[in-house]
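In this text, residue positions in the sequence shown follow this note's numbering: the first is 5, and each later residue adds one.
No residue lacks a Cβ here, since even glycine has one placed at the ideal position from N, Cα and C.
Have a look at the structure below, then the notes.
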Amino acid sequence: MKVIESISRIAGKYFALWVIAAALIAFFLPDAFLGLGAYITILLGVVMFGMGLTLKPVDFKLVVKKPLPVVAGVAAQYLLMPLIAFGIAYLLNLPAELAAGLVLLGSVPGGTASNVMVYLAKGNLALSVAMTSFSTLLAPILTPVILLMLAGQWLPVDPVSMFLSIVQVIIVPITLGVLIRKLFPQTVDKSATAIPLISVLAIIIIVCAVVAANVESITSSGLQIFTAVALHNLLGLMLGYGAAMLMKLDESKRRAISIEVGMQNSGLGVALATAHFGPLAALPNVVAAVWHNISGPILATFWSKKPVKEEEELEAEKEEVESRFQSTGN
5 MKVIESISRI AGKYFALWVI AAALIAFFLP DAFLGLGAYI TILLGVVMFG MGLTLKPVDF
65 KLVVKKPLPV VAGVAAQYLL MPLIAFGIAY LLNLPAELAA GLVLLGSVPG GTASNVMVYL
125 AKGNLALSVA MTSFSTLLAP ILTPVILLML AGQWLPVDPV SMFLSIVQVI IVPITLGVLI
185 RKLFPQTVDK SATAIPLISV LAIIIIVCAV VAANVESITS SGLQIFTAVA LHNLLGLMLG
245 YGAAMLMKLD ESKRRAISIE VGMQNSGLGV ALATAHFGPL AALPNVVAAV WHNISGPILA
305 TFWSKKPVKE EEELEAEKEE VESRFQSTGN
């Protein structure tokens, strides 16, 4: 297990590099990966099953105890990101499939990689995990509805079929993972070190499959797609932080909401795009799988060097100031 743990740690630490390398190999040797497209849904189910194995009841405790930051953060995510994607698609005059794919990227829930970024950025990890879990559970309803409203002008959207797809590739595997963890907690804890490695391998295979199927499109529209995805991500990070500031949340929560809003479950976007729109629509989500794992660590590293005061520290300071003010008799 120590060997697997070491490999898993390396796989997670250099995830962006593995994804970039895999994408380049698939681009130059596409024939070797063309048959993998049929397994995208299954592979995403494996990733979501792994997420379910890591979830605990405490991850949802924050939603009940302090729902406002979680609900407000998820609301910002599902409002800001689809609208930003919609605006960028018009601004860059993207072709129909790419436009729909970008809006799809903005309409999926937060990705699990965001939790790692929030931890590294000294953000509020409990809030990050709660937002990821809550937004994922809302995805079967919100993602199809948002797509119907914003992407229906480019491509036909079947919300019922998409609802069933999301339940199949997200809710069912996560539920199974949670149940297995509840029934066999010790076994799951012993094998937990292998979960990141399995997830990384699954996402790499998904990236290879989509890149191989879209070599010509990448050659002709690669820069345009990258610009759209990078702009979408950066605006999401900034506006997510701004929304948290408007809510007057402390710095650790601002960082968590910023990263959660800015980073999406691109694997789900790839699976839904491939199944409902076509392989070209999956491209923005594949590019996002790479770019989010570049921009995320850069932002996390920047924030990790800046101290953050937790809410409790701020409250203690406030009480100390008030007590001093009262002691002066003013």
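Asked: Would you kindly work out how many angstroms separate the C-alpha atoms of Q190 and L57, rounded to a whole number?; Found: 12 Å
Asked: Decide if A42 is buried, meaning its Cβ has at least 16 other Cβ atoms within 10 Å, or exposed.; Found: exposed
Asked: Assuming Q53 is part of the alpha helix (DSSP H), what are its boundary residues?; Found: Reading the sequence as shown, one finds Phe at residue 53 and not Gln. Segment 44-58, the alpha helix (DSSP H) holding F53.
Asked: Which two residues bound the contiguous alpha helix (DSSP H) that contains F230?; Found: 219-250
Asked: Kindly provide the ranges of any alpha helix (DSSP H) runs that are 4 or more residues long and lie completely inside the stretch 76-153, ordered along the chain.; Found: 100-111, 117-124
Asked: Assuming V274 contacts V290 under a Cβ cut-off of 8 Å, what Cβ separation, rounded to an integer in Å, is found between them?; Found: 6 Å
Asked: Exposed or buried, L108, counting other C-beta atoms within 10 Å across all chains shown (16 or more means buried)?; Found: buried
Asked: Whole angstroms is fine: what's the gap from I208's alpha carbon to V23's?; Found: 6 Å
Asked: Three or more C-beta pairs under 8 Å: does that hold for the stretch 246-264 against the stretch 70-85?; Found: yes
Asked: By Cβ distance, which residues of its chain are closer than 7 Å to A279, with the 5 residues on each side in sequence left out?; Found: T45, S169
Asked: Where P86 and R185 are concerned, what is the direct C-alpha to C-alpha distance, given to the nearest angstrom?; Found: 34 Å
Asked: Given that a residue counts as buried once 16 or more other Cβ atoms are within 10 Å of its Cβ, and exposed if not, what is I199?; Found: buried
Asked: Determine the burial state of V211: buried for a count of at least 16 other Cβ atoms within 10 Å of its Cβ, exposed for fewer.; Found: buried
Asked: Near M55, what residues of its chain come up, given a Cβ to Cβ distance below 7 Å and the 5 sequence neighbours on each side ignored?; Found: T116, I178, G181
Asked: Could you tell me the alpha carbon to alpha carbon distance between L241 and V75, rounded to whole angstroms?; Found: 17 Å
Asked: From the DSSP output, read off the bridge partner residues of Q268.; Found: G114
Asked: What are the boundary residues of the alpha helix (DSSP H) that includes F306?; Found: 287-308
Asked: Going by C-alpha to C-alpha distance, which of L28, A286, A213, L48 sits closest to V176?; Found: L48
Asked: Can you list, in chain order, the residues of its chain with a C-beta nearer than 8 Å to that of V233? Leave out the 5 residues immediately preceding and following it.; Found: L106, L109, P288, V291, A292, W295
Asked: Considering only their Cβ atoms, is the gap separating P163 from L154 smaller than 9 Å?; Found: no
Asked: So what's L33 in DSSP terms, helix, strand or just coil?; Found: coil
Asked: Is the separation between the beta-carbon of A260 and that of G127 shorter than 9 Å?; Found: yes
Asked: Just to confirm my understanding: we take K257, look at its own chain, exclude 5 residues before and 5 after, and list those with CB closer than 7 Å. What are they?; Found: P73, N128, L131, A248
Asked: Kindly indicate which three-state DSSP category K70 falls into: helix, strand or coil?; Found: coil
Asked: Using 8 Å for Cβ pairs, my map puts E101 next to G282. What's the rounded Cβ distance?; Found: 6 Å
Asked: If you run the structure through DSSP and keep just helix, strand and coil, what is D193?; Found: helix
Asked: Beta-carbon within less than 8 Å of F230's beta-carbon, same chain only, minus the 5 sequence neighbours each way: which residues are those?; Found: V291, W295
Asked: Reducing DSSP to helix, strand and coil, say where G156 ends up.; Found: coil
Asked: Can you give the beta carbon distance from V122 to Q268, rounded, assuming they're within the 8 Å contact cut?; Found: The pair is not a contact, with the Cβ atoms about 14 Å apart (cut-off 8 Å).
Asked: Could you have a look at P283 and say whether DSSP puts it in helix, strand or coil?; Found: helix
Asked: Since L284 and M166 should fall inside the 8 Å C-beta cutoff, what is the C-beta to C-beta distance between them, to a whole number of angstroms?; Found: Rounded, the Cβ-Cβ distance is 18 Å, inconsistent with contact.
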